[in-house]
Amino acid sequence: MVERDKIKLGDDAPLTIGIIGFGPKGLYGLENLLAQIRNSNTKAPISIHLFNRTAFFGSGDIYRQDQPEYLIMNYANHNIKFNSTNGPQFLPSEIDDYVQWLSKREEKPENNIRNLFSSRASVGKYLSYCFKKLYHYLPNNVKLTTHVKTITKIHKSDSGYTLESEDEEDLLSSLKFHKVLITTGHYSYRTDKPPHQEKLTGYIHFVYPVEQLGQILPKSKVAIKGMGLTFIDTALSLTEGRGGIFSELPNGYLKYKASGKEPLKVYPFSRTGLPMIPRNGSQDVQIIPPEVIKSVLNPATLARPCSFMKTVLPKIKRLCYYAFYTAMFEEKNQELIFSEDFSEIKQQVAHFHLAYPNLPPFSWEYLEDPFHSKQYPTHDYISDYIKNLIQEAKLGVGKSPLMSAVSVWRQISPIFNSIYSFGGLDAPSQHKFDSYYFGLFNRLAYGPPLQNVQKILALQEAGIIDFTYAKNTSCTYDPHSQVHVLNHANKKETVTYMINARIPRATEGEDHRGLFYNLMENGIVRPYTNKTNGYYKPGYIDLNKEGNPYSKDGKINKDIAFYGTPTEGITFDNDTLSRERNNFATQWAKNIITEIRLKLDSRKHIKTDEIF
């Protein structure tokens with residue numbers, strides 16, 4: 001870890017740059033900037049200030065190194081790479097990719113760990129290693145300072161920008177920043193706990209860091225709102241994190257041995273009651289050839305903006321159908337021949353089902369909501385569904401028709417990003433996608449590692465997790481007895497603790513505070529509005545195609561750029577570890593170097609400390 005406020009020696013720098021939020025995206029932004037500095041042979045002094053909420057520079061909160069080892073990735077090891085494949089690299093031969101680094105660290109062959117899922121803490125250690133490498137090889141004209149601060153405001157003046165943190169004793173007012181890159185994560189979209197919830201005994205507004213779950217007493221009853229990845233982290237923190245042990249049975253399932261410190265019952269619930277579909281580490285197999293996808297879903301053939309439901313969704317359904325039957329045909333040593341005439345594919349499928357009438361047909365309705373006919377699915381029904389998902393995940397893409405169908409979204413996600421981004425959907429479509437289909441496709445394609453779902457099943461069989469209230473449940477608070485009440489059909493259950501296990505996204509009208517709220521209040525940025533065929537104002541920041549914000553008066557601010565989570569809604573799927581997806585950092589760095597050159601060329605006869 002780089003020492004707090006440590007400064008790399010160098011000359012006084014006229015160009016001062018701030019990177020706000022220094023998790024993986026901030027780290028990538030720094031590497032891009034250093035690569036451009038080296039590639040352009042820029043000698044002008046540059047001072048870079050890094051701001052992060054915690055001392056985990058490079059890893060950020062998601063991958064902080066002090067979190068428990070049982071909190072693991074849903075992203076296989078082979079996907080984690082630091083070096084960019086596009087543009088110049090700062091240290092191409094000095095920084096290993098994650099699998100190489102982990103292989104050396106654990107003294108295991110790379111092939112043995114490629115498809116495994118690491119702990120988030122381990123990935124954080126890798127990101128910290130990458131940061132230390134960058135720091136060690138800083139160019140002589142670059143000065144680097146780290147600040148453990150949460151930036152809440154940016155003020156604009158004629159001489160640059162000043163930053164303000166939530167610290168009472170703020171010493172940043174003397175610093176004037178010329179360029180700012182903002183890469184804060186989901187924390188920036190967290191809302192303040194509503195005033196009425198402040199008074200709710202046993203209400204936990206946000207799960208992370210999971211150590212705060214220590215307030216939950218053993219043998220108590222707990223409700224968890226949300227059944228995604230955060231629910232799994234929460235459940236494991238309350239069980240394995242308290243000394244419980246999972247062991248493998250001869251049949252491959254897991255058994256849980258309690259420590260006695262667990263809650264008596266954990267009741268998860270969500271709008272749909274559906275658990276996420278698990279995946280194994282080899283599920284990057286592409287079941288559909290790229291040329292087939294291009295012939296079905298080609299952004300170049302779509303008029304922008306388009307209707308998601310009328311134009312894009314039917315094509316996605318066809319691809320899922322084709323992937324499902326490709327796997328099913330192969331299971332019977334047959335080949336499904338692709339045709340641009342979809343009726344010809346359906347004809348092949350009809351003949352196939354005549355030969356194999358007992359095989360289940362493809363059903364988009366089942367894929368979308370397998371509980372659609374169950375208003376109140378029982379605990380046993382959901383448990384059986386999870387067991388079936390585990391068996392399908394073990395088969396994997398190519399062998400399981402279900403897993404092959406849901407893998408389509410991972411395969412076409414980059415294509416959909418180009419369709420969705422910068423107003424590619426009309427207003428009704430974007431609203432529908434953001435509010436419904438975003439969550440649906442996340443549940444289908446970006447679920448937890450198989451081993452974590454096996455743990456959830458083991459906790460259910462141990463009698464700790466109870467799915468009785470999973471779907472169509474409301475939760476109220478009884479101020480007299482200070483308990484939370486789950487209301488479900490004709491049943492009620494009182495619990496001592498209520499945990500919000502949902503990850504926040506931008507939402508118009510909520511009581512947001514912090515940096516983004518203040519940027520909008522100050523007019524430095526404006527909210528994005530989609531006015532095509534309707535009106536949709538989701539609360540996102542309005543950006544151009546280089547990640548620069550539009551100010552309140554409609555002007556593009558080239559001094560500030562956003563990257564990663566802050567660009568959600570304008571772009572799609574900002575994976576925290578992806579270097580290539582929606583990469584605004586490279587252009588941001590290029591623009592800085594271009595501006596330095598232009599100013600030097602126009603001021604050849606003045607001192608370099610007057611460049612900016």
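Everything in the sequence shown is counted per our numbering, starting at 1 for the first residue and increasing by one.
All C-beta atoms in this analysis are idealised placements derived from N, C-alpha and C, irrespective of residue type, glycine included.
Beta-carbon proximity of residue i to residue j, cut-off 8 Å
i	j	result
Gly21	Gly202	no
Tyr497	Ser220	yes
Gly547	Trp588	yes
Lys143	Thr162	no
Lys257	Ser247	yes
Asp553	Val180	no
His351	Leu359	no
Ser413	Val397	no
Thr567	Phe584	yes
Ser383	Gln460	yes
Pro268	Met227	yes
Thr576	Ile62	yes
Phe51	Gly18	yes
Asn557	Lys153	no
Leu229	Asn417	no
Ile593	Thr16	no
Leu450	Ile390	yes
Val266	Ala235	yes
Leu297	Ile415	yes
Leu401	Ala327	In the sequence on display, residue 401 carries Pro and not Leu. Yes.
Gly423	Pro305	yes
Nonlocal neighbours in the same chain, by C-beta distance under 7 Å from residue i, ignoring five residues either side
i	result
Asp167	Lys149
His372	Glu365
Gln65	Phe56, Ser59, Ala121, Gly124, Lys125, Ser128
His78	Val99, Arg114, Asn115
Phe90	Glu31, Leu34, Ala35, Arg38, Leu134
Ser421	Ile570, Thr571, Phe572
Phe329	Glu335, Leu336, Phe352
Leu598	none
Tyr70	Leu236, Glu240, Gly241
Alpha-carbon to alpha-carbon, residue j and residue i
i	j	result
Leu440	Asn140	49 Å
Gly509	Leu425	Any reading at Gly509 needs caution, since the residue's pLDDT is 47, under 50, leaving its predicted position unreliable; the model's value is listed next. Roughly 22 Å between the two C-alpha positions.
Asp434	Tyr446	16 Å
Gln482	Tyr528	41 Å
Gly160	Asn83	32 Å
Thr85	Gly273	40 Å
Ser551	Leu515	15 Å
Leu254	Pro549	50 Å
Thr183	Ser307	30 Å
Val453	Gln347	37 Å
Phe342	Ser295	12 Å
Asp233	Ser474	22 Å
Leu264	Ile464	6 Å
Ser47	Leu138	11 Å
Asn500	Phe338	45 Å
His480	Pro428	43 Å
Arg105	Gly26	25 Å
Ile293	Val312	12 Å
Ser410	Lys394	According to the sequence provided, residue 410 is Arg. The question's Ser does not apply to it. Distance between the alpha carbons of Arg410 and Lys394 is about 18 Å.
Residue burial classification, residue i (beta-carbon count within 10 angstroms, cutoff 16)
i	result
Glu392	buried
Lys455	buried
Glu31	buried
Gly243	exposed
Glu493	buried
Ser118	buried
Lys108	exposed
Gln375	exposed
Ala300	exposed
Thr378	exposed
Ala489	exposed
Contacts around residue i, its chain only, beta-carbon distance under 6 Å, and the 5 residues preceding and following it disregarded
i	result
Gln430	Asn530, Tyr536
Glu110	Val99, Ser103
Trp101	Tyr126
Ile288	Ala323
Tyr325	Leu336, Val349
Leu600	none
Glu595	none
Sequence-distant residues of the same chain with beta carbon closer than 8 Å to residue i, five excluded per side
i	result
His484	Leu200, Gly202, Tyr203, Ala223, Cys475, Thr476, Tyr477, Asp478, Thr494, Val495, Thr496, Tyr497, Met498
Fill in: Entirely enclosed alpha helix (DSSP H) segments - the stretch 462 to 524, minimum 4 residues
Taking only runs of at least 4 residues, the alpha helix (DSSP H) segments lying wholly in the stretch 462 to 524 are 515 to 521.
Item to complete: Write down every uninterrupted run of the beta strand (DSSP E) in the stretch 76 to 164 whose length is 3 residues or greater and which is fully enclosed by it, in chain order.
Response: Every unbroken stretch of the beta strand (DSSP E) spanning 3 or more residues and falling wholly within the stretch 76 to 164 is given here in chain order: 142 to 148, 151 to 157.
Fill in: Complete alpha helix (DSSP H) runs within the stretch 277 to 344 (minimum length 4 residues, chain order)
Qualifying alpha helix (DSSP H) stretches, in chain order: 290 to 296, 313 to 331.
Discussion item. Please give the ranges of any beta strand (DSSP E) in the stretch 353 to 378, keeping only runs that are unbroken, at least 3 residues long and fully inside the region.
Written reply: Within the stretch 353 to 378, no run of beta strand (DSSP E) at least 3 residues long lies entirely inside it.
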